[in-house]
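Participant:
Residue numbers (our numbering): 5 to 428.
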């Protein structure tokens, strides 16, 4: 007798089959950055370089959605830790679901990247996707003017105009700089939750220098902004700055009860310079650091950490820009020297005690600190609510009931954040 199957039974057995083929996972990611390089306007095409960190623990793949309405060509995918190319293939939504991606859309295609190793606990696998889109709706030329008009959902982005094109307009606050090859680049950080309807226009200029025919990728070094302390009565000549959106530096502060003057923090840092084998964190004057630890985000490997003070810094073979005083304190994190073409991303944990900048005053919590990174987060202690923030922030309440503030600093200098809280 042939068994009969109702539609719901067919669906049930299909789901069972899918679960046997692959371990389902919910994809998570962080540190996303996209660079769009506009090609010859006649091609209506643009190169996309997409940096992202896969964070779903144990996931074997990373899936990149290929936007509908565009003709896409994938050129390569790289493991940013080793610099090696990764295996990839384009799959439909049904295959993506079968291979483990929860909530895959059957109506779209995905770039399925085979990760070089499972994502470690509390770690990430950093990859770079290099692809080209042809999309006449987003990039076109009309009456001698080129237009790039596209909804950008990633929070850190840059767009590079074609060779010999000057900028006419841009509808969203952006940094503008000229690359070594003469092309103009715009970049921005999106502080909000909604995509940015980004639109720029440009036109051909015979007076602009032409870029080389072969696109050469710049090293794009990470950068930490420093106070300039300049004479503001004169213009800055030959002034250079680093693209703020590309800087991949993040710090998260967990404020303890203000009576302790303590805050726990972690910050992420990527080292790209060949031969470098340590990260030095110079403790700010007036602060005391304790309980440091560090590991490599790419692998989960724990690292050797030392707290050195005064002459012990020189004895360890560490050279600072200025000779250390007896009060100078340095936290040194040691790792294998970076090889050419590779990079190492660290997560560094510390506890700071700073009675001068974090304290209780008139029964109010006072936090007053300068931020040099482009991405900064502060989590207030249990039992406190926010009544003042001098710098605009994205504010939410965590599942534990804690006030969480995010500060996106798209300026090439520091911001002085002053917070006031009151006890419930």
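All C-beta atoms in this analysis are idealised placements derived from N, C-alpha and C, irrespective of residue type, glycine included.
How many angstroms separate the CA atom of residue 75 from the CA atom of residue 127?
Facilitator: When rounded, the distance between both Cα atoms is 33 Å.
Participant: To the nearest angstrom, report how far apart residue 348 and residue 84 are at their CA atoms.
Facilitator: Looking at the two C-alpha atoms, the distance is approximately 9 Å.
Participant: Need the endpoints of the alpha helix (DSSP H) that residue 317 sits in, please.
Facilitator: Unbroken alpha helix (DSSP H) run through residue 317: 315–319.
Participant: Ignore the nearest five residues each way along the sequence and tell me which others in residue 256's own chain have a CB closer than 6 Å to its CB.
Facilitator: Here the set comprises 270, 381.
Participant: Could you please give me the residues that DSSP links to residue 201 through a beta bridge?
Facilitator: For residue 201, which the question treats as bridged, DSSP gives the partners 155.
Participant: In whole angstroms, what separates the C-alpha of residue 420 from that of residue 393?
Facilitator: So the alpha carbons of these two residues sit roughly 10 Å apart.
Participant: Which of helix, strand or coil does DSSP assign to residue 100?
Facilitator: Helix at residue 100.
Participant: Compare the C-alpha of residue 299 against each of 291, 331, 153, 124 and name the closest.
Facilitator: Ranking the options by Cα distance to residue 299, first place goes to 124.
Participant: Please say whether residue 418 and residue 387 have beta carbons closer to each other than 8 Å?
Facilitator: Their beta carbons are not under 8 Å apart, which means residue 387 does not touch residue 418 by this criterion.
Participant: Quick check on residue 416: does DSSP put it in helix, strand or coil?
Facilitator: In this structure, residue 416 counts as coil in the three-state DSSP scheme.
Participant: For the beta strand (DSSP E) that residue 333 lies in, which residues bound it at each end?
Facilitator: From DSSP, the beta strand (DSSP E) with residue 333 extends over 333–338.
Participant: With C-beta atoms as the reference, is residue 355 less than 8 Å away from residue 266?
Facilitator: Yes, the Cβ-Cβ distance between residue 355 and residue 266 is below 8 Å.
Participant: For residue 38, name the three-state secondary structure that DSSP assigns.
Facilitator: Of the three classes helix, strand and coil, the one that applies to residue 38 here is strand, per DSSP.
Participant: Taking DSSP as the reference, what is the three-state secondary structure of residue 264?
Facilitator: Three-state result, residue 264: helix.
Participant: Start and end of the beta strand (DSSP E) containing residue 118?
Facilitator: Start and end: 113–118.
Participant: Any heavy atom of the ligand NAP closer than 7 Å to the CB of residue 100?
Facilitator: What this structure holds is no ligand at all, so the ligand NAP is not there to describe.
Participant: If you measure between the beta carbons of residue 42 and residue 140, is that distance less than 8 Å?
Facilitator: Going by C-beta atoms, residue 42 is not nearer than 8 Å to residue 140.
Participant: Between residue 352 and residue 283, how many whole angstroms is the CB-CB distance? I'm expecting something under 8 Å.
Facilitator: Indeed they touch by this definition, with Cβ atoms about 7 Å apart.
Participant: Between the Cα of residue 428 and those of 413, 398, 414, 384, spot the shortest distance and give me the residue it belongs to.
Facilitator: Of the candidates 413, 398, 414, 384, the one whose C-alpha sits nearest the C-alpha of residue 428 is 384.
Participant: Label residue 295 either buried or exposed according to how many other C-beta atoms from any shown protein chain fall within 10 Å of its C-beta, with 16 as the threshold for buried.
Facilitator: By the neighbour-count rule (16 or more Cβ atoms within 10 Å), residue 295 is not buried but exposed.
Participant: Just to confirm the assignment, what range does the beta strand (DSSP E) spanning residue 180 have?
Facilitator: Looking at the DSSP string, the run of the beta strand (DSSP E) that includes residue 180 is 179–182.
Participant: Quick check: what's the CA-CA separation for residue 27 versus residue 103?
Facilitator: Using only the alpha carbons, I get a separation of about 8 Å.
Participant: Using only the alpha-carbon positions, how far apart do residue 228 and residue 276 sit?
Facilitator: In this prediction, residue 228 has a pLDDT of 42, which is less than 50 and means its spatial position is unreliable; what the coordinates show is noted afterwards. Spanning the two alpha carbons is a distance of roughly 14 Å.
Participant: Can you tell me the Cα-Cα spacing of residue 242 and residue 305, whole angstroms?
Facilitator: The straight-line gap from Cα to Cα measures roughly 42 Å.
Participant: For residue 236, count neighbouring C-beta atoms within 10 Å of its own C-beta (all shown protein chains included) and say buried if the count is 16 or more, exposed if not.
Facilitator: With fewer than 16 other Cβ atoms within 10 Å, it is exposed.
Participant: Quick one: give me the first and last residue of the beta strand (DSSP E) that residue 285 is part of.
Facilitator: First-last of the beta strand (DSSP E) with residue 285: 282–286.
Participant: Taking C-alpha atoms, which residue in 138, 114, 416, 93 lies nearest to residue 48?
Facilitator: Of the candidates 138, 114, 416, 93, the one whose C-alpha sits nearest the C-alpha of residue 48 is 138.
Participant: According to DSSP, is residue 7 part of a helix, a strand, or is it coil?
Facilitator: Per-residue confidence for residue 7 stands at a pLDDT of 43, beneath the threshold of 50, marking its modelled position as unreliable; the derived number appears in the next sentence. Of the three classes helix, strand and coil, the one that applies to residue 7 here is coil, per DSSP.
Participant: Based on DSSP bridge pairs, tell me the residues matched to residue 411.
Facilitator: Paired residues: 380.
Participant: Could you compute how far the alpha carbon of residue 114 sits from the alpha carbon of residue 68?
Facilitator: Each residue's alpha carbon lies about 5 Å from the other.
Participant: Residue range of the beta strand (DSSP E) that residue 296 falls in?
Facilitator: Per DSSP, residue 296 belongs to the beta strand (DSSP E) from 292–300.
Participant: Straight-line CA distance for residue 311 to residue 336?
Facilitator: Those two C-alpha atoms are separated by around 6 Å.
Participant: Within 10 Å of its beta-carbon, does residue 371 have 16 or more other beta-carbons around it, so buried, or fewer, so exposed?
Facilitator: That one is buried.
Participant: When DSSP builds the beta bridges, which residues end up paired with residue 375?
Facilitator: Answer is 419, bridged to residue 375.
Participant: Grab the span of the beta strand (DSSP E) containing residue 51 for me, first residue to last.
Facilitator: Segment 49–58, the beta strand (DSSP E) holding residue 51.
Participant: Could you check if residue 415 is buried or exposed, using at least 16 other CB atoms within 10 Å of its CB as the buried criterion?
Facilitator: Exposed.
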